[in-house]
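In the working numbering, the protein residues as written are 2 to 130.
A short worksheet on the structure shown next.
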Amino acid sequence: EGQWQFTADMHEKHGGENAGPNPGVLGRGALASCLAICYTMWAARLNVPMRILEVEVQADYDARGEYAVAPVPVTYSEVRFTVTLESPAPEEDILCVLNTAEAHSSYFIIFSKAMPLRREVKILETEVK
């Protein structure tokens, strides 16, 4: 992604080398960071001061579905997030910031609504020696 390089991996017990966070950690991190940035942007835009802002994302899932060892859904059963902030602003103003930011957060929408997903495959031939 431009100048940035990301490493994703799985723990050794799942066949990886534990060289980086797994895709679930990166996905939840994308949601948390997108929300935190959107909250900060909308707080500034709406002139609502915030001194401390943290977003923690948690998810429930059953990994047996990923390995086809049980007939359970291969998805999160629930995703929750907690917003912790410090602000001298009235609660009504803070909630306005949060609600407005969530309405304009791409990852909030991605996590909260199903959408079409299109696959493209490019197969490169390998020389056999």
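Beta carbons are placed, not taken as given, at the ideal position from N, Cα and C, and that holds for glycine.
Because the structure is a prediction, the values reported are computed rather than measured.
Cut-off 6 Å between Cβ atoms - residues of its own chain near residue i, not counting five sequence neighbours on either side
i      : result
Val73  : Asp63, Arg65 and Gly66
Ala20  : Thr8 and Asp10
Tyr108 : Ala31, Leu32 and Cys35
Ile95  : Ser88
Reference residue i; option with closest CA among the options
i      : options                       : result
Glu103 : Pro117, Pro89 and Phe82       : Phe82
Thr8   : Lys14, Gly16, Leu27 and His15 : Leu27
Lys14  : Gly3, Tyr68, Phe112 and Ser78 : Tyr68
Pro91  : Glu2, Asn100, Cys35 and Val49 : Val49
Glu57  : Asn23, Leu125 and Ala33       : Ala33
Gln59  : Val75, Val80, Ala44 and Ile53 : Val80
Ala44  : Asn23, Leu86 and Gln4         : Leu86
Ser113 : Glu18, Glu121 and Arg29       : Arg29
Residue i classed as buried or exposed, judged by whether at least 16 other C-beta atoms fall within 10 angstroms
i      : result
Val98  : buried
Ser106 : buried
Ile110 : exposed
Close Cβ partners of residue i (< 8 Å) along its chain, the five nearest in sequence each way excluded
i     : result
Ala71 : Asp63 and Arg65
Under the three-state DSSP convention, the category residue i falls into
i     : result
Ile53 : strand
Val75 : coil
Leu47 : coil
Leu99 : helix
Thr41 : helix
8 Å Cβ cutoff, residue i in contact with chain B
i     : result
Thr85 : The structure shown contains no chain B; it is built from a single protein chain.
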